[in-house]
Amino acid sequence: MLILLFLLLAPIAASAARYLWLGDGRGNWQTADRSSAGLLPPASTHPEAMIRVFAARAVRWRSIFAVHTWIVVKEKDAPTYTRYDYTAWGDPIRSNGFAPDGRWFGALPEAIVAVDGERAEVLIPRIRKVIENYRFRAYGDYSPWPGPNSNTFVQAAVDSIPELHVVLPPTAIGKDFPYDGRWIGITPSGTGAFATLAGYVGLTVGWVEGLELNFFGAVLGLDVRRPAVKLPGLGRFGFAAGL
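Okay, so the sequence shown: first residue is 10 according to our numbering, each after it adds one.
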(Lines of atoms letter the chains of each structure in order from A; the text may use other names.)
(Lines give C-alpha, C1' and ligand atoms only; values in the text may rest on other atoms or scores of the structure.)
Protein backbone atom coordinates (compact mmCIF):
# COMPACT_ATOMS: atom_id res chain seq x y z
CA MET A 10 0.00 0.00 0.00
CA LEU A 11 2.85 2.38 0.81
CA ILE A 12 4.48 1.62 -2.54
CA LEU A 13 1.18 2.27 -4.32
CA LEU A 14 0.68 5.58 -2.53
CA PHE A 15 4.24 6.58 -3.40
CA LEU A 16 3.71 5.75 -7.08
CA LEU A 17 0.53 7.85 -7.08
CA LEU A 18 1.75 10.81 -5.05
CA ALA A 19 5.40 11.15 -6.11
CA PRO A 20 4.64 12.03 -9.78
CA ILE A 21 2.05 14.60 -8.67
CA ALA A 22 4.57 16.08 -6.24
CA ALA A 23 7.13 16.28 -9.06
CA SER A 24 4.61 17.99 -11.33
CA ALA A 25 3.69 20.43 -8.56
CA ALA A 26 7.36 21.21 -7.90
CA ARG A 27 7.89 21.89 -11.59
CA TYR A 28 4.91 24.23 -11.61
CA LEU A 29 6.02 26.08 -8.48
CA TRP A 30 9.62 26.36 -9.66
CA LEU A 31 9.10 27.19 -13.32
CA GLY A 32 5.48 28.34 -13.44
CA ASP A 33 3.50 27.70 -16.59
CA GLY A 34 5.00 30.60 -18.55
CA ARG A 35 1.61 31.87 -19.65
CA GLY A 36 1.23 35.02 -17.57
CA ASN A 37 -2.31 36.24 -17.02
CA TRP A 38 -4.66 33.50 -18.23
CA GLN A 39 -7.22 36.11 -19.30
CA THR A 40 -4.80 37.57 -21.84
CA ALA A 41 -2.91 34.37 -22.65
CA ASP A 42 -2.30 33.43 -26.27
CA ARG A 43 -5.14 31.44 -27.86
CA SER A 44 -3.99 31.77 -31.45
CA SER A 45 -3.41 28.90 -33.87
CA ALA A 46 -0.40 26.74 -33.09
CA GLY A 47 0.03 25.99 -36.80
CA LEU A 48 -0.74 22.29 -36.43
CA LEU A 49 -3.45 22.21 -39.11
CA PRO A 50 -3.28 23.30 -42.75
CA PRO A 51 -5.89 25.80 -43.97
CA ALA A 52 -9.11 23.88 -44.50
CA SER A 53 -9.47 25.33 -47.99
CA THR A 54 -6.18 23.73 -49.07
CA HIS A 55 -6.90 20.33 -47.52
CA PRO A 56 -9.95 18.83 -49.26
CA GLU A 57 -9.79 15.47 -47.46
CA ALA A 58 -11.97 14.76 -44.43
CA MET A 59 -10.11 15.04 -41.14
CA ILE A 60 -10.48 14.16 -37.45
CA ARG A 61 -8.16 15.44 -34.73
CA VAL A 62 -8.22 15.20 -30.97
CA PHE A 63 -5.93 17.68 -29.26
CA ALA A 64 -4.74 17.88 -25.67
CA ALA A 65 -3.07 20.79 -23.87
CA ARG A 66 -2.25 21.48 -20.26
CA ALA A 67 -5.09 23.00 -18.24
CA VAL A 68 -5.01 26.56 -16.93
CA ARG A 69 -3.04 27.71 -13.88
CA TRP A 70 -2.64 25.25 -10.95
CA ARG A 71 -4.85 22.72 -12.72
CA SER A 72 -1.97 22.16 -15.12
CA ILE A 73 -0.24 20.26 -12.31
CA PHE A 74 -2.78 17.49 -12.66
CA ALA A 75 -4.63 17.65 -15.93
CA VAL A 76 -4.91 18.38 -19.62
CA HIS A 77 -7.88 19.78 -21.52
CA THR A 78 -8.89 17.85 -24.63
CA TRP A 79 -11.07 18.81 -27.59
CA ILE A 80 -12.25 17.47 -30.95
CA VAL A 81 -11.80 18.93 -34.44
CA VAL A 82 -13.56 17.53 -37.51
CA LYS A 83 -13.81 18.53 -41.17
CA GLU A 84 -15.93 16.80 -43.79
CA LYS A 85 -14.60 16.24 -47.30
CA ASP A 86 -14.30 19.52 -49.24
CA ALA A 87 -15.61 21.52 -46.26
CA PRO A 88 -14.15 25.07 -46.29
CA THR A 89 -13.75 25.20 -42.50
CA TYR A 90 -12.98 23.06 -39.48
CA THR A 91 -15.43 22.50 -36.63
CA ARG A 92 -14.03 22.46 -33.12
CA TYR A 93 -15.93 21.06 -30.13
CA ASP A 94 -15.01 21.82 -26.51
CA TYR A 95 -16.78 21.05 -23.27
CA THR A 96 -16.31 23.98 -20.89
CA ALA A 97 -17.28 25.21 -17.45
CA TRP A 98 -19.01 28.37 -18.64
CA GLY A 99 -22.33 28.83 -20.42
CA ASP A 100 -23.81 25.86 -22.23
CA PRO A 101 -21.03 23.29 -21.80
CA ILE A 102 -20.78 22.12 -25.41
CA ARG A 103 -19.02 24.93 -27.25
CA SER A 104 -18.69 24.92 -31.03
CA ASN A 105 -15.91 26.95 -32.67
CA GLY A 106 -15.24 28.99 -29.57
CA PHE A 107 -11.50 28.89 -30.30
CA ALA A 108 -9.14 28.34 -33.22
CA PRO A 109 -9.21 24.63 -34.23
CA ASP A 110 -5.57 24.11 -33.25
CA GLY A 111 -5.38 27.07 -30.91
CA ARG A 112 -3.18 27.25 -27.86
CA TRP A 113 -5.15 26.50 -24.72
CA PHE A 114 -4.64 29.79 -22.87
CA GLY A 115 -1.00 29.76 -23.87
CA ALA A 116 -0.36 26.01 -23.67
CA LEU A 117 0.77 24.35 -26.90
CA PRO A 118 -1.54 21.47 -27.89
CA GLU A 119 -0.53 18.10 -29.23
CA ALA A 120 -2.54 15.75 -31.44
CA ILE A 121 -3.45 12.47 -29.76
CA VAL A 122 -5.78 11.29 -32.52
CA ALA A 123 -5.30 11.91 -36.25
CA VAL A 124 -7.48 10.40 -38.98
CA ASP A 125 -7.69 11.57 -42.60
CA GLY A 126 -9.36 10.69 -45.87
CA GLU A 127 -12.04 8.09 -46.44
CA ARG A 128 -11.67 6.63 -42.99
CA ALA A 129 -12.44 10.02 -41.44
CA GLU A 130 -15.47 10.40 -43.72
CA VAL A 131 -16.95 7.21 -42.29
CA LEU A 132 -16.22 8.06 -38.65
CA ILE A 133 -17.25 11.73 -38.49
CA PRO A 134 -21.03 11.03 -38.49
CA ARG A 135 -20.60 8.71 -35.51
CA ILE A 136 -18.72 11.38 -33.58
CA ARG A 137 -21.31 14.03 -34.43
CA LYS A 138 -24.11 11.72 -33.29
CA VAL A 139 -22.49 11.35 -29.87
CA ILE A 140 -22.03 15.12 -29.58
CA GLU A 141 -25.61 15.85 -30.63
CA ASN A 142 -27.00 13.34 -28.11
CA TYR A 143 -24.60 13.91 -25.23
CA ARG A 144 -26.65 13.81 -22.05
CA PHE A 145 -24.64 16.38 -20.04
CA ARG A 146 -25.31 19.36 -22.29
CA ALA A 147 -27.27 21.73 -20.04
CA TYR A 148 -25.99 24.75 -18.14
CA GLY A 149 -24.55 23.55 -14.83
CA ASP A 150 -23.83 20.00 -15.96
CA TYR A 151 -20.06 20.59 -16.10
CA SER A 152 -18.15 19.31 -13.08
CA PRO A 153 -14.35 19.61 -13.05
CA TRP A 154 -13.95 16.54 -10.82
CA PRO A 155 -14.60 13.68 -11.13
CA GLY A 156 -16.69 14.69 -14.17
CA PRO A 157 -18.38 15.18 -16.49
CA ASN A 158 -15.77 17.60 -17.80
CA SER A 159 -13.96 18.23 -21.09
CA ASN A 160 -12.17 14.89 -20.98
CA THR A 161 -15.37 12.98 -20.21
CA PHE A 162 -16.93 14.57 -23.30
CA VAL A 163 -14.03 13.63 -25.56
CA GLN A 164 -13.88 10.11 -24.11
CA ALA A 165 -17.56 9.63 -24.98
CA ALA A 166 -16.87 10.74 -28.56
CA VAL A 167 -13.82 8.53 -29.12
CA ASP A 168 -15.62 5.57 -27.54
CA SER A 169 -17.93 5.67 -30.57
CA ILE A 170 -14.98 4.79 -32.82
CA PRO A 171 -13.42 1.83 -30.94
CA GLU A 172 -11.64 0.51 -34.05
CA LEU A 173 -9.16 3.39 -33.73
CA HIS A 174 -8.01 2.09 -30.33
CA VAL A 175 -7.89 5.60 -28.88
CA VAL A 176 -6.55 5.89 -25.33
CA LEU A 177 -6.61 9.33 -23.75
CA PRO A 178 -3.55 10.28 -21.69
CA PRO A 179 -3.51 9.54 -17.94
CA THR A 180 -3.60 13.29 -17.31
CA ALA A 181 -7.05 13.51 -18.95
CA ILE A 182 -8.76 13.61 -15.56
CA GLY A 183 -12.46 12.89 -15.99
CA LYS A 184 -12.05 10.37 -18.78
CA ASP A 185 -13.08 7.59 -16.37
CA PHE A 186 -16.31 9.26 -15.29
CA PRO A 187 -19.22 6.89 -16.16
CA TYR A 188 -21.03 9.19 -18.61
CA ASP A 189 -23.33 6.34 -19.68
CA GLY A 190 -24.17 5.30 -16.12
CA ARG A 191 -22.25 2.00 -16.26
CA TRP A 192 -20.02 1.27 -13.29
CA ILE A 193 -18.79 -2.04 -14.65
CA GLY A 194 -18.49 -3.47 -18.14
CA ILE A 195 -16.38 -4.22 -21.20
CA THR A 196 -13.93 -1.56 -22.35
CA PRO A 197 -14.83 0.35 -25.56
CA SER A 198 -12.14 -1.54 -27.48
CA GLY A 199 -13.73 -4.86 -26.47
CA THR A 200 -10.34 -6.12 -25.29
CA GLY A 201 -10.82 -5.85 -21.54
CA ALA A 202 -13.04 -4.80 -18.65
CA PHE A 203 -13.45 -1.89 -16.27
CA ALA A 204 -15.01 -1.16 -12.90
CA THR A 205 -15.51 2.28 -11.36
CA LEU A 206 -17.09 3.87 -8.34
CA ALA A 207 -18.76 6.92 -9.94
CA GLY A 208 -15.40 7.95 -11.41
CA TYR A 209 -13.72 8.48 -8.05
CA VAL A 210 -11.83 5.21 -8.05
CA GLY A 211 -11.64 2.50 -10.66
CA LEU A 212 -9.68 -0.17 -12.45
CA THR A 213 -9.34 -0.81 -16.18
CA VAL A 214 -7.60 -3.83 -17.68
CA GLY A 215 -7.44 -4.35 -21.44
CA TRP A 216 -5.07 -5.12 -24.28
CA VAL A 217 -5.67 -1.70 -25.85
CA GLU A 218 -6.22 0.31 -22.66
CA GLY A 219 -3.50 -1.44 -20.69
CA LEU A 220 -3.65 -1.57 -16.90
CA GLU A 221 -4.97 1.65 -15.35
CA LEU A 222 -5.74 2.38 -11.72
CA ASN A 223 -7.82 5.50 -11.14
CA PHE A 224 -7.53 6.80 -7.59
CA PHE A 225 -9.53 10.00 -7.12
CA GLY A 226 -8.60 11.12 -10.63
CA ALA A 227 -4.92 10.19 -10.43
CA VAL A 228 -4.27 7.52 -13.07
CA LEU A 229 -1.38 5.11 -12.65
CA GLY A 230 -0.92 2.56 -15.38
CA LEU A 231 1.15 0.30 -17.59
CA ASP A 232 0.81 -0.29 -21.32
CA VAL A 233 2.17 -3.59 -22.62
CA ARG A 234 0.90 -3.33 -26.20
CA ARG A 235 2.85 -0.11 -26.77
CA PRO A 236 5.28 -0.28 -23.85
CA ALA A 237 4.92 2.71 -21.55
CA VAL A 238 4.19 3.72 -17.99
CA LYS A 239 1.38 6.15 -17.18
CA LEU A 240 1.97 8.51 -14.29
CA PRO A 241 -0.47 10.95 -12.65
CA GLY A 242 0.43 14.59 -13.23
CA LEU A 243 3.34 13.76 -15.53
CA GLY A 244 1.69 11.73 -18.27
CA ARG A 245 2.83 8.84 -20.43
CA PHE A 246 6.48 7.75 -20.72
CA GLY A 247 7.48 5.25 -23.39
CA PHE A 248 6.14 4.55 -26.84
CA ALA A 249 3.37 6.85 -28.04
CA ALA A 250 -0.17 5.56 -27.71
CA GLY A 251 -0.44 5.84 -31.48
CA LEU A 252 -2.35 8.09 -33.87
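For each residue, glycine too, the CB sits at the ideal point set by N, CA and C.
Residues bridged to residue i (per DSSP)
| i | result |
| --- | --- |
| residue 59 | 83 and 125 |
| residue 224 | 210 and 227 |
| residue 246 | 238 |
| residue 40 | Paired residue(s): none; residue 40 is not in a bridge. |
| residue 113 | 116 |
| residue 45 | 111 |
| residue 64 | 78 and 119 |
| residue 215 | 201 and 219 |
Within 8 Å, strictly: CB atoms of residue i and residue j
| i | j | result |
| --- | --- | --- |
| residue 76 | residue 59 | no |
| residue 12 | residue 241 | no |
| residue 57 | residue 110 | no |
| residue 171 | residue 197 | yes |
| residue 79 | residue 24 | no |
| residue 218 | residue 176 | yes |
| residue 97 | residue 153 | yes |
| residue 65 | residue 19 | no |
| residue 38 | residue 69 | yes |
| residue 146 | residue 100 | yes |
| residue 231 | residue 243 | no |
| residue 121 | residue 250 | yes |
The beta strand (DSSP E) enclosing residue i, as first and last residue numbers
| i | result |
| --- | --- |
| residue 202 | 201 to 206 |
| residue 92 | 91 to 95 |
| residue 69 | Looking at the DSSP string, residue 69 is not in any beta strand (DSSP E), and its letter there is neither H nor E. |
| residue 73 | Looking at the DSSP string, residue 73 is not in any beta strand (DSSP E), and its letter there is neither H nor E. |
| residue 103 | 102 to 104 |
Residue i versus residue j: straight-line alpha-carbon distance, rounded
| i | j | result |
| --- | --- | --- |
| residue 138 | residue 91 | 14 Å |
| residue 184 | residue 88 | 31 Å |
| residue 210 | residue 128 | 35 Å |
| residue 27 | residue 131 | 42 Å |
| residue 5 | residue 248 | This structure leaves residue 5 out entirely; the chain is present only between 10 and 252. |
| residue 226 | residue 215 | 19 Å |
| residue 186 | residue 245 | 20 Å |
| residue 169 | residue 133 | 10 Å |
| residue 140 | residue 148 | 15 Å |
| residue 40 | residue 113 | 11 Å |
| residue 43 | residue 144 | 28 Å |
| residue 203 | residue 46 | 36 Å |
| residue 102 | residue 15 | 37 Å |
| residue 62 | residue 73 | 21 Å |
| residue 67 | residue 190 | 26 Å |
| residue 229 | residue 223 | 7 Å |
| residue 199 | residue 213 | 12 Å |
| residue 239 | residue 84 | 33 Å |
| residue 51 | residue 236 | 35 Å |
| residue 119 | residue 48 | 8 Å |
| residue 174 | residue 157 | 22 Å |
Residue i, enclosing alpha helix (DSSP H) - first and last residue
| i | result |
| --- | --- |
| residue 198 | Taken as a continuous stretch (DSSP letters only), residue 198 belongs to no alpha helix (DSSP H), as it is neither H nor E. |
| residue 12 | 11 to 31 |
Proximity test, Cβ basis, 8 Å: residue i and chain C
| i | result |
| --- | --- |
| residue 35 | Annotation note: the requested chain C is absent from the structure, which comprises a single protein chain. |
* Enumerated in chain order, which unbroken segments of the alpha helix (DSSP H) with a length of 4 residues or greater are wholly contained in the segment 139 to 192? -> 159 to 168
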